[in-house]
Every structure is written in structure tokens, then in C-alpha cells.
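Under full-length UniProt numbering, the first residue of the sequence shown carries the number 1, and numbering increases by one thereafter.
Beta carbons are placed, not taken as given, at the ideal position from N, Cα and C, and that holds for glycine.
Keep in mind it's a predicted model, so treat the numbers as computed, not measured.
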Amino acid sequence: MERAFQIITGRLLRYYRENYRHPNGKVGLSIRELSRLNSARIQEIRAENGVRLNQKSICSTSRISDIENGQDSMEDYVIECLASVYARKYLYKEIYWLNLKKDIQAIVDEMTRMEKEGLARLNRKLRSQYQKLSHYLVYGEMLEILSAVLTYLNERVLPKAELQRKMEALLPTGMLELDSLLLYMKSEYHRKMGQPGVTLAEIECTLGNQRDFLSLELRFKAYMDHYQVDLAKKTLQMIRELATYASSPYLQFIYHNHQALIYENSCSTQAVGELQACRKLLESGRLNGCLHVQGRYYHNLGMHFYAHHQYANALSMLQKALKWSPDLVLQAFPYVMDCAERLELPLAQCRQLLEWVDFVHMSGFKLEYAKYFRLKYSYDTIGRKEALLLEKFLVENILPFLDSGLLTYALFYRQLLILSPLTRHMQYVLQFHEM
Numbered sequence: 001m002e003r004a005f006q007i008i009t010g011r012l013l014r015y016y017r018e019n020y021r022h023p024n025g026k027v028g029l030s031i032r033e034l035s036r037l038n039s040a041r042i043q044e045i046r047a048e049n050g051v052r053l054n055q056k057s058i059c060s061t062s063r064i065s066d067i068e069n070g071q072d073s074m075e076d077y078v079i080e081c082l083a084s085v086y087a088r089k090y091l092y093k094e095i096y097w098l099n100l101k102k103d104i105q106a107i108v109d110e111m112t113r114m115e116k117e118g119l120a121r122l123n124r125k126l127r128s129q130y131q132k133l134s135h136y137l138v139y140g141e142m143l144e145i146l147s148a149v150l151t152y153l154n155e156r157v158l159p160k161a162e163l164q165r166k167m168e169a170l171l172p173t174g175m176l177e178l179d180s181l182l183l184y185m186k187s188e189y190h191r192k193m194g195q196p197g198v199t200l201a202e203i204e205c206t207l208g209n210q211r212d213f214l215s216l217e218l219r220f221k222a223y224m225d226h227y228q229v230d231l232a233k234k235t236l237q238m239i240r241e242l243a244t245y246a247s248s249p250y251l252q253f254i255y256h257n258h259q260a261l262i263y264e265n266s267c268s269t270q271a272v273g274e275l276q277a278c279r280k281l282l283e284s285g286r287l288n289g290c291l292h293v294q295g296r297y298y299h300n301l302g303m304h305f306y307a308h309h310q311y312a313n314a315l316s317m318l319q320k321a322l323k324w325s326p327d328l329v330l331q332a333f334p335y336v337m338d339c340a341e342r343l344e345l346p347l348a349q350c351r352q353l354l355e356w357v358d359f360v361h362m363s364g365f366k367l368e369y370a371k372y373f374r375l376k377y378s379y380d381t382i383g384r385k386e387a388l389l390l391e392k393f394l395v396e397n398i399l400p401f402l403d404s405g406l407l408t409y410a411l412f413y414r415q416l417l418i419l420s421p422l423t424r425h426m427q428y429v430l431q432f433h434e435m
């Protein structure tokens with residue numbers, strides 16, 4: 001049995017044990033409780049494998065611990081007994097596992113092209129190939145996970161929270177291609193929720209010196225999160241040196257789009273040049289089959305206009321970005337609302353902008369910004385009482401998420417400044433300006 005399969009099996013068994021739901025609502029099984037279970041199905045499995053039926057436990061607690069940590073030789077009947085507790089079957093066939101590895105590699109390869117038809121074809125293949133194995137431990141979960149990855153790549157629909165927790169519980173598996181996908185989904189999920197993505201330490205610990213596109217993309221985002229611009233530039237250069245770069249318009253787009261992001265803070269002229277390179281790729285038609293590139297382009301262009309105080313253009317581009325890629329609402333929303341206020345749009349128009357926001361699936365400080373503006377625009381007029389409530393919301397719900405290095409800190413400070421004539425707390429506002 002291959003080591004990665006062994007590790008994944010153990011991690012899944014531990015995940016199911018820790019999330020086991022008892023009839024009385026209690027969640028979780030201790031290893032001791034698990035070892036003492038003796039259902040009719042466990043008795044059947046023992047009988048089928050010629051094991052004594054009068055055993056009082058599935059196996060020892062230390063062995064269950066070893067299995068969950070991927071350190072046991074894993075006799076099939078023991079794994080089958082443990083899997084049956086969670087209504088799962090168990091089967092290891094090398095040919096199935098080899099095919100699964102090929103499909104994982106195919107998804108990683110397709111992510112250098114991001115062509116809609118290619119991703120959809122892989123999804124159809126997965127479902128037809130593994131549907132019959134959906135009740136089996138590992139194969140069923142891999143079908144669920146890989147389908148969720150492909151759905152996200154195609155439609156930008158995030159996995160449900162429970163599936164995301166299961167995916168993160170598998171890390172690291174020791175299978176680099178799968179770990180790249182799992183880390184990518186972890187990064188995307190938490191970013192879309194307004195939370196930090198994966199750390200550099202996680203990437204290094206899990207992927208080591210991997211230099212494929214997915215690993216480099218993860219590194220780039222982590223470097224940018226930590227303001228390590230020089231390392232981010234070096235990472236982009238590595239993307240440009242990939243063997244597939246010249247034949248992949250998608251990789252070329254990503255390179256120029258990320259370059260624009262880097263230069264926006266240091267050299268506006270170069271940022272414009274990189275955005276023009278993105279536009280040329282879009283206009284060439286070579287990206288017609290690629291997903292979500294238009295949304296990324298308009299978002300970066302909108303943020304470029306925003307940085308140069310061209311708020312009407314910024315609002316127009318950010319709205320175009322949301323039309324192409326609604327999932328960008330988390331990144332774009334605070335700036336959309338700031339543009340609307342700077343342009344002094346009518347109240348009805350500002351309220352209409354809130355319709356973009358998915359309050360159910362957002363979290364983190366950007367959700368708090370959305371709630372803030374929802375509260376603000378629920379008032380037809382704002383007096384001192386309303387201003388004090390809004391100020392309290394800003395300080396208690398948004399400030400704890402921010403640091404002075406974030407562009408969003410400027411948005412927070414500006415809102416305090418707008419409210420200060422009504423709250424009469426200018427000294428309070430100046431205190432935050434000094435932070």
C-alpha cells in the first residue's frame with residue numbers, strides 16, 4: 001500500500017471519529033469508545049475474515065492511534081471495521097489509486113490553462129469513473145474533494161464549511177500534487193471569507209521546494225500578504241520561466257496581472273504597462289475559453305483608478321469586475337462603497353450597491369464593513385445618535401481586524417472622519433490617525 005493512501009486513510013478515520021455525532025447530539029468519539037464498539041456489521045466483517053467473534057474490541061487503542069497517524073500496517077479487515085462505524089466501506093486496489101493520482105495530476109496541469117471545457121471534461125470523467133466507489137473510504141472523499149475543486153475553478157462556488165474542514169484535516173498527505181490542491185483551496189476559501197490565507201511556513205512545510213505553477217502562485221500570495229515584494233517578484237520570474245509559460249496565455253495573463261499588483265504601489269507607469277499587456281491578451285481572443293480572467297483584469301484596473309483618485313472610473317471598473325466574477329465582492333466591496341460616497345451618489349443608489357453582498361457566506365472584517373454600510377444606509381438621515389452608533393460599530397467590529405499597513409485602514413479612518421462633526425470626537429479620530 002502506498003504511503004500517501006495510508007496517511008489519507010488514517011486522517012479520514014480520525015476526522016470521522018472526532019466529528020462522529022451521537023444520537024443524543026454529543027459530537028466526537030474517544031479512541032477508547034471507538035475500540036469498544038461491536039456492531040452487527042463489525043461482527044459480519046470479522047466472520048467474513050475468519051476472526052474470533054467473541055473479541056470485545058475492534059483492536060487496541062494504541063493501534064487505532066497508529067492507524068490514524070498512518071503508522072500501522074493496516075490490515076484490511078481492521079480498517080473495514082473502523083470505516084463501518086461511519087457508514088463507509090473500505091477497499092484498496094492499486095489500479096484505482098494509480099488512476100486517482102493521474103486525475104489529480106490532470107487537474108493540477110489544467111490549472112495552468114484554466115479552460116472551461118477542459119475543467120468541465122475532467123469533472124464529468126471523475127463522476128463517471130468514481131461514482132461506483134462513492135461509498136468507499138478515500139475514493140468517495142477524493143471524488144467529493146476533486147469535484148469541489150473543479151466546481152470552484154469553474155464557477156467560483158466555495159465548498160461547504162464541513163467539506164472544507166475535511167479537506168484541511170487531510171493536510172499534509174505527502175502527495176505533493178494533492179497537497180498543492182488542498183493548500184490552494186484552503187488559501188482561496190479563507191481569503192474569500194476575509195481571513196488570512198495559508199502561511200509561508202505551511203507552504204514550506206507541506207510543499208518543500210516544489211516549483212510548479214500552483215506552488216509558485218501560493219508563494220506569491222503569501223509573500224504579498226507579508227509585504228515581501230522582492231520575494232514576490234522573484235516568484236513571478238519563476239512563473240515566467242516555467243516550460244509551459246510560452247504556450248499558456250493564462251500563465252502570461254497571471255504574470256502581467258500580478259506584476260500590475262506589485263507595481264501599483266511603487267511605479268504607476270509600469271503598472272499601466274502591465275495592465276495594457278493583460279488587455280492585449282484579452283483582446284487577442286486567446287483567453288476566450290479561460291475562466292475569471294476578465295473579472296481579475298477589471299478588479300486590478302479599478303484598484304488602479306482608485307489609487308489615483310479617479311473614483312468614477314474605479315467604481316465603473318469594480319462593478320464590471322463583480323459582473324464577471326461575483327466572488328470578488330469580498331475584495332472589492334469596501335472600495336465600491338468608498339467610491340460611491342466620494343462621488344456623493346444618491347442614497348437609493350448606495351443602497352442598491354449593497355445587493356452585491358452575500359451576508360450569509362462572508363466573514364471577517366469585510367463582512368463587518370458590509371454590515372456597517374448596511375446599518376449606515378438603513379438611516380434616511382444621520383444625526384448624532386446614529387453617528388455614535390456607527391462610530392461604535394467601526395471601533396468594536398472593524399478596528400480589531402486592521403493594522404496601519406492595510407489600505408482598508410484608510411477606509412476605516414475616513415469613515416471616522418466623516419462621522420466626527422456629528423459625534424464631536426475629533427480628538428478620538430486623531431488618536432487613531434497616530435496609530
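Using only the alpha-carbon positions, how far apart do residue i and residue j sit?
i: Y86; j: T206; result: 28 Å
i: S60; j: E241; result: 52 Å
i: Y189; j: E115; result: 21 Å
i: Y164; j: N397; result: Correcting the residue identity first, residue 164 is Gln in this sequence and not Tyr. If I take the Cα positions, the gap works out to 26 Å.
i: H256; j: Q129; result: 38 Å
i: P196; j: S187; result: 8 Å
i: N288; j: E117; result: 11 Å
i: I67; j: I79; result: 8 Å
i: L158; j: V149; result: 8 Å
i: D230; j: K323; result: 33 Å
i: E33; j: R41; result: 17 Å
i: Y20; j: I58; result: 17 Å
i: D380; j: K101; result: 58 Å
i: Y377; j: H299; result: 24 Å
i: S215; j: M224; result: 14 Å
i: H22; j: Q352; result: 45 Å
i: K392; j: I203; result: 38 Å
i: V395; j: L37; result: 52 Å
i: T173; j: F253; result: 31 Å
i: S404; j: Y413; result: The predicted model places S404 with a pLDDT of 49, which falls under 50 and marks its position as unreliable, so this point remains unresolved.
i: I418; j: R121; result: 52 Å
i: R286; j: A271; result: 22 Å
i: H425; j: Q331; result: 30 Å
i: A348; j: L399; result: 28 Å
i: M435; j: S248; result: Because the pLDDT of M435 is 49, which lies under 50, any placement of that residue in the model is unreliable, and the number read from its coordinates should be weighed accordingly. Rounded to whole angstroms, M435 to S248 spans 45 Å at the Cα level.
i: S234; j: Y227; result: Reading off the sequence shown, one finds Lys at residue 234, where the question assumed Ser. Between K234 and Y227, the C-alpha separation is close to 13 Å.
i: E368; j: A307; result: 23 Å
i: residue 457; j: H304; result: Look at the range of the chain in this structure, 1 to 435, and you will see that residue 457 is not part of it.
i: E2; j: K93; result: 10 Å
i: R127; j: D103; result: 11 Å
i: S151; j: A321; result: Just to set this straight, residue 151 is Thr in the shown sequence, not Ser. Near 20 Å, if we compare the C-alpha coordinates of A321 and T151.
i: M337; j: R124; result: 40 Å
What do you reckon, are the CB atoms on residue i and residue j nearer than 8 Å?
i: R374; j: L354; result: yes
i: M167; j: A4; result: no
i: A260; j: E283; result: no
i: M317; j: G295; result: no
i: Y90; j: Y15; result: no
i: Q105; j: E177; result: yes
i: L133; j: G140; result: yes
i: L119; j: L153; result: yes
i: D327; j: R156; result: yes
i: M193; j: R211; result: no
i: M74; j: Q131; result: no
i: L422; j: A387; result: yes
i: R315; j: C339; result: Note that residue 315 is Leu in the sequence shown here, rather than Arg. Their beta carbons are under 8 Å apart, which means L315 touches C339 by this criterion.
i: C290; j: Y250; result: yes
i: A370; j: F401; result: no
i: Y372; j: L390; result: yes
i: Q222; j: L200; result: In the sequence on display, residue 222 carries Ala and not Gln. Cβ atoms of A222 and L200: closer than 8 Å.
Could you tell me how far apart the beta carbons of residue i and residue j are, in whole angstroms, since I believe they sit closer than 8 Å?
i: C278; j: Y263; result: That belief does not hold up - the Cβ atoms of C278 and Y263 are roughly 13 Å apart, past 8 Å.
i: V357; j: V329; result: 6 Å
i: V171; j: I8; result: The sequence as given places Leu at residue 171; Val does not occur at that position. Contact flag wrong, Cβ pair sits at about 10 Å.
i: F220; j: H258; result: 6 Å
i: G10; j: N69; result: 6 Å
i: I31; j: S84; result: Not confirmed; about 17 Å, so no contact.
Are any of the Cβ atoms in chain B nearer than 8 Å to that of residue i?
i: A307; result: Absence of chain B from the displayed structure is noted, only one protein chain being present.
With a cut-off of 8 Å, do at least 3 Cβ pairs link the region 172-185 to the region 97-114? yes
Does the region 337-356 touch the region 307-322, meaning 3 or more C-beta pairs lie closer than 8 Å? yes
Would you mind listing the alpha helix (DSSP H) stretches within the region 270-331 that are 4+ residues and don't spill past its ends, in chain order? DSSP runs (the alpha helix (DSSP H)) wholly in the region 270-331: 293-307, 311-324.
Return the chain-ordered ranges of every alpha helix (DSSP H) run that is complete within the region 146-192 and spans a minimum of 4 residues. 161-170, 176-192
Which parts of the region 216-261 are runs of the alpha helix (DSSP H), unbroken and 4 residues or longer, counting only runs that do not cross its ends? Every alpha helix (DSSP H) of 4 residues or more that sits fully in the region 216-261 is shown, in chain order, as 229-240.
Going along the chain, which unbroken runs of the alpha helix (DSSP H) with 4 or more residues stay wholly within the region 3-78? DSSP runs (the alpha helix (DSSP H)) wholly in the region 3-78: 3-18, 31-35, 40-48, 61-68.
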